[in-house]
Structures are given as C-alpha cells and as structure tokens.
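Structure first, then comments.
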Amino acid sequence: MTKHASSSAKAYSRRSFLTRSGLVGCSLAASPLLTPVSFAAAPWDSRLVVIILRGGMDALDVVQPYGDPAYAGLRSSLLGGPQNGALDLDGYFALHPALAPLMPLWQAQQLGFVHAVSTPYRNKRSHFDGQDLLEAGTPGLHERRDGWLNRLLQVTPGVEARTAFAIGQGDMKLLQGSAPVSDWSPDAQIALSPQAERLAGLMMEQDPLFHAALGEALDLARDARDNAANAARRGKRSRPHQRIADYAATQLRGDTRIAAFSINGWDTHNRQTGALTRALGRLSDTILTLKAGLGAGIWDKTAVVAMTEFGRTARENGTGGTDHGTGGAMVLAGGAIRGGRVHGHWPGLDEAALFDRRDLMPTGDVRAQVGWIMRGMIGVRHQDIANVIFPGVEMTTDPGLLRL
Amino acid sequence: MAFDPQLAEIRFGCGLSPSHVPMRDATAMLNGLLKVDQAAQDWPIPGFDGVFADARAYSAARRARKQAVDTPQFAARDKALNQQRALMRDHQADWFIQRLLRCVTTPDGFRERVTLFWADHFTAQGKIAALRYGATPYVETAVRPNIAARFEDLLIAAVTNPLMLHYLDQHRSTGPNSRRAKRLASRRGLEVGLNENLAREVLELHTLGVDGPYTQQDVRQLAELFTGMTYNLKDGFRFSSGHAEPGPETVMGQSYGGDDAGFEAIQDALRDLARHPATASHLAYKLAVHFTSDTPDPDLVAHLTARYRETSGDLMQVYAALLEHPAAWVFELRNVKPPFAYLASACRALGVPAAALRGLNRKQVHRLFLRPMQRMGQRWEFSNGPDGWSEADGDWITPQALAERMRWCMAVPARLMERLPAPLAMLETALGTRSNAQLRFVATAAETEREAVGLILASPTFQRR
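Order-wise, the sequence lines are chains A and B.
With the working numbering applied, the first sequence corresponds to residues 1 to 404, in that order.
With the working numbering applied, the second sequence corresponds to residues 1001 to 1465, in that order.
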C-alpha cells in the first residue's frame, strides 16, 4: 500500500522552507533572506507555468469541433464554429471568439491544445475531488497528500525555495509537499509605517522563524510594489489576474523556473456564454501578460500549461449552460510549445462515442501530457515520472507537444 | 516546573483576557470540562440536523429550479435557489462568529482548545454545495459532546457522522457481494464496489497512526466491515444491510461480524481500534505536539501513552496526565498559534465586546476574519486534507502569512472597537509574566496607539503559546 505523509514528512511541508534552509542556528546577519537577495542559479533553464482552471472548463466550447457531424445536434445556444463567430483553427476545430487575442500566437505556432484529455477521475463530478486528483496527480483519490509539481522538485537536484513559486491567495495543492517552494500574492501587503517596520524587526530579532519570514515578506512586498508601480507607469490596467501574471513573469525572469496559480470561473451551469467569455478573457490576458513580461528570450523557452479538473457535458443543458462532465482540454502556450495544432486523439461526438453517453470521451491522460512536457523541458527521468511524480501513469509515445 | 495559571490560559486555553481570572490549578481546568457547557449555551450552534435542514431545502430548491427549465417559473425558482445559497452562507458566517465568541468570552478555554484539537483530528468537510458548510455543526454534534468521554465514544461519533461518511466517500462503498451489488449487476449491468477511503483514514489518521502496525489487508477488511454505513438527507445516518458485504471480516487479527451482522460489529471494531496500544502512542504524540512543541519531550509522550493505555483511552485521565507533567510547563512559548486561535486570542486580549462581533454581517465576517484567515493559510472549515491542519510552526509563519497577520493586527482591532485599550495595559493583560522590557519599549515607541496595539499582537511572544 502507499503510505503517505508521515508526520515527519508533514513537518516539511511547503511552508517550512525557512526553518529548513539552515537559518535556524546560523547567524541571522548572514541569512540570504534578510539581505538583498542573491539566490543560486536554478538547475535548468526552461520555464514552466502551470495554470489550474478551477470549475471545469467546457472543452467543446473553447476548441469547438464544428467539423464533427454530431456537434450541432448537441449544442443550440452554444453552437459555435466559424459561421457563429468562432475563429477557424484547422478546418475542423474553431476557437472561441474570446480567445481571439491569442490568434497571433496560434499563427506563430506558440499556442496549441490537447483535446479529449482528463485525469483518472471518473463518474463522480465533484469539483472538490476533481481538483484534488488533478493536483495530487495520482491514479485515484487520497493516495498522496503532496502535489505532483512538488514531487517534480523532490526528484530534481539543486532546487531552492525560489525555484518554484505558488502565486496568489488560493492554495496550490500541486506545489505542496516536502520540497521547498515560495509563495506570495502580489496583492499581499505588509502595510507598516517605517517606524512600525523597525520596531517589528527589533521585536522579531530573537525569533529566527519570525525574523526570517518578516525579512522575506518585506523584500517580496517591496518587489511586488515596484512591479505594480512599473506596470502602472507602462499604463497597464491592473486587474488581479494580470497582477498575478505580471508577478509570475517577474519571478520567472529571475531564478524561478516554475510558477503555478489558478484562474477561477469555469463552472458554467447557466448562461455559459457570458461566464465563459469572461473566464477566457482572463486566460487570454494572463497568457499575453506573461509573454510581455517574460520578453522574447525567456518566452521562447517557456511552456504555459493550463488544465482543468474535468470537462463538461457534451449536450447543452436547459439553462444555456453545461453540467459537470469528463473529457476536457488543455491549453498550451509559449515558445517551447509545438503549437498551431490541436493535439490528442479526437474520439468523436456520436452518442456511442461519448463517455457514459454524456461527456466527451477522454482518450488521453493529462498526467501523461504533462509528463512528456516535464521530460522534454527539465529532463526528468522517465522512471521518476512514472513512479514518483505521476504514479502509474502510462507514457507510451511522445505526443510531440514541445518544439524541442 | 508546575502549574502556572497565566501560562495555563496561554498554552492550554484561549489566551489571557481582561475579563477573566486565570484558572487556579489543573483540577479546576479539568473540572471545567465536566461542568455544563456554558459557552455552547451562550453562543448556540445547531447540531448536524440543522445542516440537514439546509441541505434538504437546497436540494428541493435545486430540483424545483431544474423542473422549471424553459418555463416561465424559471426566473423565480432561480432566485429562490440563490436565496437559499445566501441563507446558507449567512449561517456559515453566523456559526463562525459563535465559535469565535466562545473562545473570546469563555472562562473555560481548555474546553474550546480540546474541541478544536479533536475537530481537527477528525477533519470532515462538505464536498457538495448542499453540505458545504456542514463542518461546524458536525463538530457541534459529533465532537464537542464527547471530548471528556472515552476516545472510543468520540471515534464512533465522528466516524459514523454523515459528514465523515460523505467526506471520505463511505456512503458510496458497497460490498462486492452485497444484495445491492448483486441487484445492480443483474438489473442494470452496473458494477459497484468497495471504497477504502474511510477505512484507511480510520487506521492511518484516526487510530493507529501512519506508522501503525496495520497492513493493506486490514484496510481492505475494515472497508468491507464498514459497508452498510450510509446516510441520506431525509434520515441522516443509517445502517443499510443491503450495502453490507456478507461474512465476517478480520481486522488486526480479530474477527468481526458474520452473515447477519449489523452496525454493532462496526462499533466493536472501532472500540478495539481505539484501545489498541498503537492508538495510545499515536494520540499521545499528537496531543503533546499540539499543546507543547513540534518536537515534544519524549518523556511527556511516554507519560501520556501510559495513561491512555492504563485507562483504555479515558480522555479526562489523559488530559490530567498532560497537565501534571513538568514538560507541559516550560516557560518558553513554542508553538505558533494557528490563524483561528490567533485571531480569537487577539480579540480576547483586546477585550473586543461580544456585541461588536455579534453585530457583524456576513460581508464583514468575511472581510475581517474569513478572508484574512485564508490568507494566513487557514481556510475556515477547509483544511487541505483529512489529516487536518499542520502543526509545524514553519507552515504558519511564511512570508505571506506573516504579512497578513501583521496587516490584520494593524487594521482590524480599530475596526472592531470604538476605543482601543491603552497599549501598555493591554500588553500586561495579553502576556502577563511573558511581557518584557523590549515589548514595553515597542509598546511605547510606536508612533500611534493603533500601531502599538498592532505590534503587541504581532510580537512572536503573542503569536506563540
């Protein structure tokens, strides 16, 4: 059986890096966390951004299979395709109009999709369990309490706290575990007057845990403030998802190699058109903000991987929406991605081809797709992917998601 | 090192308060648990039936709305469903404030602390909208009344509560050879089977511990034994023999049940697991970590283990063993308070009037407490897994979480009180003999009273217990 998270392992969770990085007991003055920071260079050079699309994105409305003869019969108010304003991708699939700002990326082959994929989660359709499984990366629920992105760090030498960054205020379970990671939200504030800041520092001097966290918080808050000020100078509107993307880009320009955050709002049971347009707008903004923030040099070695806990029903429901389903899609972007194509094996939408006669049939495992991406970008060993990161995942043939 | 009244309130209670004299001795603290639960009477929270009433209303509203799709009634029913959701969110905020008020106003802080400890040990959460806010009423029904009982009573109450069955998927588990499985297979071609989740967590988290002496075979057998435990929104918990796997099961070398065995066999197995020596060690360690330090004194752990074993898990005896051991009274404050306990102790030290907390509406509860707590790393009623909240100090004092604690300290007390207490007096109230010259300097050197109060609450001394 899998025994997980023993109490000692639990004590080393993501937030404890400060206490484990040799700070306790060593001279505080020498601590890298309390002085202008200079971290060791990361062990690899490519950048991976993982975005969790919480709520269950409707793959059939994002990458619309208008060439499938059964498609039109399943959707009425949600019928897409080029004749309804969607952007043709390849003569078979069309892109939801809210992603129009990403079309130049598609044309540059820096935007792609993997269709009809899912986690091993089947037939239960709870966001809660679906997201847990997506972030745990295991074949079944409750098999591990750490996340797959943290396990990637566990098997990769040379990882520092700044190598991977969880950004924003939600919990990113996929980054939780025994490997050190950083987290910060660009909206977090410390809001101390200079005098209060001095007094707080004085008060915490004798307590290494608090002193180190305060020093790091002040640094991060200062960076985030500068970042926001720069963005404002460049005349950027600043909405929360853009601040997160901008902050991620700033970190990834430095020593950070992995950034993870969420975009919510994909649970579209009613009036999907409006809700999905808004959510896709956030996704599109996020990708473009990342691209701008990273600059061409880093964007070229970046893979942005957006995925969701499950897809939605193939058939539109009675309230202009869709309900929880199974097969979904991944959105891939970045210069490292082999874009300009819809990857995956299209199962078709005939009723007999649907999962449970209801949902898009998953023909691929999101874990295998990500496994190949990690292998190509970071050089993780095949056996580490299959034994540790995504236990039991089957990675038979390389789906060719990377340009490399 | 022996009983110290101020330390007792800080380490084993909800913190010092201007309104209460600390408990005199350990006997008084322990006796508090045997008296009437005054805090629960003062600040009532409905039991789990209350959540079922909400859940039934929610399901009915959702059904009604679904039936009205494409009819003129849809808009009204959509509105009714939204109102039901809003009502449930109001309940959640209201129950949160009641739990906070119990910690802020009680003279018997130990009761609140052991309740929080066992609530976390038996973490259960609502995974569907209808049960989303069930955790607090679950604690009220399954945990709080049993904190001074034997551990086995607490175990049975928690493990058989519908919220636990729901959270750990027990209600889906069906014996592969049960009447239900056979019926579904022959009539509808459906295959249903075991779900091991609850059985595994009972062994790994609730009783023997992750390094306990059980095997996968024990998990499997316990899962088979557990089949039949289910619930529905109408009746709550029920044992359904149609789900139950026939035949006896062997767990930890002991055989339970038989062909017509029911719920009693499950209770027997849970009692035996509760009395297992490995359970004693596991719980003794957890208690020592929670109340003293991330690296507890081994002698304290051994002392608690021995008392648990001698008394077959009589929790009052185990608490007595905890309070009598010198390691429980080391002067230095170690454990970092988790966010809820931290904010509660802050309100308590400030002497925030109960009426100010009672008067908050849902939005204010979110703005002043629930969202800050989430940013401090503790999303109310939703820990990251069935193992509950972390005990590791470093998990709570991250840069982001500490920043949020400091932001809260500087901003929120002034929102809750018309007049903040005088900083130096408040320092003595909040920390008593743990106050020191440096803290007094900080309290007087701050530029404003608001910052002085904030800094006292932000001091590592106040954040630890």
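All C-beta atoms in this analysis are idealised placements derived from N, C-alpha and C, irrespective of residue type, glycine included.
Name, in chain order, the residues that DSSP records as bridge partners for residue i.
i, result
"Trp184 of chain A", "A:Ile167"
"Glu205 of chain A", "Answer is none; Glu205 of chain A lacks a bridge partner."
"Met446 of chain A", "Coverage of chain A is limited to positions 1 through 404, which leaves residue 446 of chain A absent and any answer about it impossible."
"Asp359 of chain A", "A:Thr313, A:Phe355"
"Glu1249 of chain B", "B:Tyr1256"
"Phe1151 of chain B", "None, per the DSSP bridge assignment."
"Leu402 of chain A", "A:Ile337"
"Asp1314 of chain B", "B:Arg1150"
"Ala94 of chain A", "A:Gln64, A:Asp88"
"Val1336 of chain B", "B:Arg1464"
"Gly364 of chain A", "A:Val117"
"His343 of chain A", "A:Val114"
"His324 of chain A", "A:Arg312"
What first and last residue would you give for the alpha helix (DSSP H) that runs through residue i?
i, result
"Ser1345 of chain B", "1339–1350"
"Gly51 of chain A", "Note on residue identity: the sequence assigns Ile, not Gly, to residue 51 of chain A. Taken as a continuous stretch (DSSP letters only), Ile51 of chain A belongs to no alpha helix (DSSP H), being part of the beta strand (DSSP E) at 47–54."
"Ser1281 of chain B", "1277–1291"
"Ser1186 of chain B", "1179–1188"
"Cys1014 of chain B", "Per DSSP, Cys1014 of chain B belongs to no alpha helix (DSSP H) and is neither H nor E."
"His241 of chain A", "240–253"
"His1325 of chain B", "First-last for His1325 of chain B: undefined, no H or E at that position."
"Asp1108 of chain B", "Taken as a continuous stretch (DSSP letters only), Asp1108 of chain B belongs to no alpha helix (DSSP H), as it is neither H nor E."
Could you check whether the Cβ of residue i sits closer than 9 Å to any Cβ belonging to chain B?
i, result
"Lys173 of chain A", "yes"
"His406 of chain A", "Missing from the structure shown is residue 406 of chain A; chain A here goes from 1 to 404 and no further."
"Met204 of chain A", "yes"
"Lys3 of chain A", "Here the model assigns Lys3 of chain A a pLDDT of 33, short of 50, so the residue's position is not dependable, and the following value carries that caveat. Lys3 of chain A counts as touching chain B."
"Gly318 of chain A", "yes"
"Pro36 of chain A", "Note that Pro36 of chain A scores a pLDDT of 36, beneath 50, so its modelled location is shaky and nothing firm can be said."
"Asp129 of chain A", "yes"
"Ser77 of chain A", "no"
"Asp223 of chain A", "no"
"Pro139 of chain A", "no"
"Ala196 of chain A", "yes"
"Leu28 of chain A", "Any reading at Leu28 of chain A needs caution, since the residue's pLDDT is 37, under 50, leaving its predicted position unreliable; the model's value is listed next. It does not: the Cβ of Leu28 of chain A has no partner Cβ on chain B nearer than 9 Å."
"Leu199 of chain A", "yes"
How about residue i: is its C-beta nearer than 9 Å to some C-beta of chain A?
i, result
"Ala1458 of chain B", "yes"
"Asn1161 of chain B", "no"
"Asn1232 of chain B", "no"
"Ala1411 of chain B", "yes"
"Arg1183 of chain B", "no"
"Glu1451 of chain B", "yes"
"Arg1102 of chain B", "no"
"Asp1297 of chain B", "no"
"Ala1197 of chain B", "In the sequence as presented, Ala is not what sits at residue 1197 of chain B; that position holds Asn. It does: the Cβ of Asn1197 of chain B has a partner Cβ on chain A nearer than 9 Å."
"Met1454 of chain B", "As written in the sequence, residue 1454 of chain B is Gly, which differs from the Met given in the question. Gly1454 of chain B counts as touching chain A."
"Val1352 of chain B", "no"
"Asn1177 of chain B", "no"
"Glu1140 of chain B", "no"
"Pro1137 of chain B", "no"
"Glu1447 of chain B", "yes"
What residue range does the beta strand (DSSP E) around residue i cover?
i, result
"Val304 of chain A", "302–308"
"Arg1238 of chain B", "1236–1239"
"Asn264 of chain A", "258–264"
"Tyr1231 of chain B", "1229–1232"
Strictly under 9 Å for the Cβ-Cβ distance: is residue i near chain D by that measure?
i, result
"Ile1397 of chain B", "The question asks about chain D, but that chain is absent: this structure's protein chains are A and B."
| task | Output, in sequence order along the chain, the residues in the stretch 177–193 of chain A whose CB is closer than 7 Å to any CB in chain B. | result | Contacts with chain B (Cβ-Cβ distance below 7 Å) from the stretch 177–193 of chain A involve Asp183, Trp184, Ser185, Ala188, Gln189, Ile190, Ala191, Leu192, Ser193, listed in chain order.
| said: Closer than 7 Å between beta carbons: that is the criterion. Which residues of the stretch 1105–1134 of chain B meet it against chain A? | reply: The residues in question are Lys1127, Ile1128.
| message | Does the contact criterion of 3 or more C-beta pairs under 8 Å hold for the stretch 237–255 of chain A versus the stretch 186–198 of chain A? | response | yes
| query | For the stretch 1047–1067 of chain B, which residues have a beta carbon sitting closer than 9 Å to at least one beta carbon of chain A? | reply | Arg1065, Lys1066
| query | Looking at C-beta atoms only, is the number of pairs between the stretch 145–152 of chain A and the stretch 377–391 of chain A that lie closer than 8 Å three or more? | reply | Contact holds: three or more Cβ-Cβ distances are below 8 Å.
| query | For the stretch 144–171 of chain A, which residues have a beta carbon sitting closer than 7 Å to at least one beta carbon of chain B? | reply | If you check each beta-carbon in the stretch 144–171 of chain A against every beta-carbon of chain B, the ones closer than 7 Å belong to Arg145, Gln169, Asp171.
| query | Would you say the stretch 1175–1189 of chain B touches the stretch 1200–1210 of chain B, given that touching needs at least three Cβ pairs under 8 Å? | reply | no
| query | What residues in the stretch 347–359 of chain A have a beta carbon less than 8 Å from any beta carbon of chain B? | reply | none
| query | Touching or not, the stretch 256–265 of chain A and the stretch 213–231 of chain A, by the rule of three or more beta carbon pairs under 8 Å? | reply | no
| query | the stretch 69–101 of chain A: which residues have C-beta closer than 8 Å to a C-beta of chain B, in chain order? | reply | none
| Using a beta-carbon distance cut-off of less than 7 Å, what residues from the stretch 1316–1340 of chain B approach chain A? | For the stretch 1316–1340 of chain B, which is checked against every Cβ of chain A, not one residue is closer than 7 Å.
| query | Just checking, does the stretch 1229–1243 of chain B make contact with the stretch 1164–1175 of chain B on the three C-beta pairs under 8 Å criterion? | reply | yes
| query | Taking three-plus beta-carbon pairs below 8 Å as touching, is the stretch 312–328 of chain A in contact with the stretch 281–299 of chain A? | reply | No: fewer than three Cβ pairs fall under 8 Å.
| field | Three CB pairs or more closer than 8 Å across the stretch 1378–1397 of chain B and the stretch 1039–1059 of chain B | value | no
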